[in-house]
Amino acid sequence: MVNEIFNFLDKTNKTISFAESCTGGALSSSLTMIPGASKVFLGSIVSYSSYSKQKLLNIDENDLDKYSSVSERVAIIMAENVKKQFKSDYSISVTGNAGPSTDGEKSKVGDCFIAISSENEIFCEKFNIKQSREDFIKSVKNISFQLFHDKIII
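Per numbering that gives the first Met the number 0, the sequence shown starts with residue 0, numbered consecutively.
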């Protein structure tokens, strides 16, 4: 799937950036495995903590308090702001809770929000993935790329 995304971006002269929380850089790692990725991939921000979401992605503390760091609102802002920072054509953001606890968050273990920002629109979908941490991260990565493929390429 990531190869198809690379080919699409390369052929259309478009670029992408990522804002990753629960995946810890897995999307970036997958894309940079492809030779020539630097033509389409401008960079990523791994904002694992609420603090880094505030400092690196300009997420307002009030939004984090009101909605939680694992929310549609925060995922959308992450996608919008990383796209602005890198001046990319597209962005993908992921925020989720791999568990085993929630640290008092409003989300449940397994909740994940994936947002995609394109040139003209932004959309976000919620998933609940009950797997081990490692499998959760792999699943979120794969779903993110599949969602981009289905919403943007097709």
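Note that beta-carbon positions come from the ideal geometry of N, C-alpha and C, so glycine has one too.
Given a threshold of 16 other Cβ atoms within 10 Å of its Cβ, counted over all protein chains shown, does residue i qualify as buried or as exposed?
{"i": "I152", "result": "exposed"}
{"i": "M77", "result": "buried"}
{"i": "D59", "result": "exposed"}
{"i": "K52", "result": "buried"}
{"i": "E3", "result": "exposed"}
{"i": "N80", "result": "buried"}
{"i": "K140", "result": "buried"}
Rounded to whole angstroms, how far is the Cβ of residue i from the Cβ of residue j, which I believe are closer than 8 Å?
{"i": "R132", "j": "G95", "result": "Incorrect: roughly 11 Å between the Cβ atoms, too far for contact."}
{"i": "C123", "j": "C21", "result": "In fact, because the Cβ distance is near 14 Å, the residues do not count as touching under 8 Å."}
According to DSSP, is residue i helix, strand or coil?
{"i": "V45", "result": "strand"}
{"i": "T31", "result": "helix"}
{"i": "S143", "result": "helix"}
{"i": "I15", "result": "strand"}
{"i": "D149", "result": "helix"}
{"i": "A114", "result": "strand"}
Look at the Cβ atom of residue i, then the Cβ atom of residue j, and state whether they are nearer than 8 Å.
{"i": "S138", "j": "Q130", "result": "yes"}
{"i": "A36", "j": "I75", "result": "no"}
{"i": "G23", "j": "V45", "result": "yes"}
{"i": "E71", "j": "K125", "result": "yes"}
{"i": "S87", "j": "T11", "result": "no"}
Could you check the C-alpha separation between residue i and residue j for me, to the nearest Å?
{"i": "L26", "j": "K38", "result": "16 Å"}
{"i": "K83", "j": "F17", "result": "11 Å"}
{"i": "S68", "j": "S49", "result": "6 Å"}
{"i": "F135", "j": "L55", "result": "24 Å"}
{"i": "S92", "j": "N61", "result": "20 Å"}
{"i": "K105", "j": "Y66", "result": "7 Å"}
{"i": "I128", "j": "F40", "result": "27 Å"}
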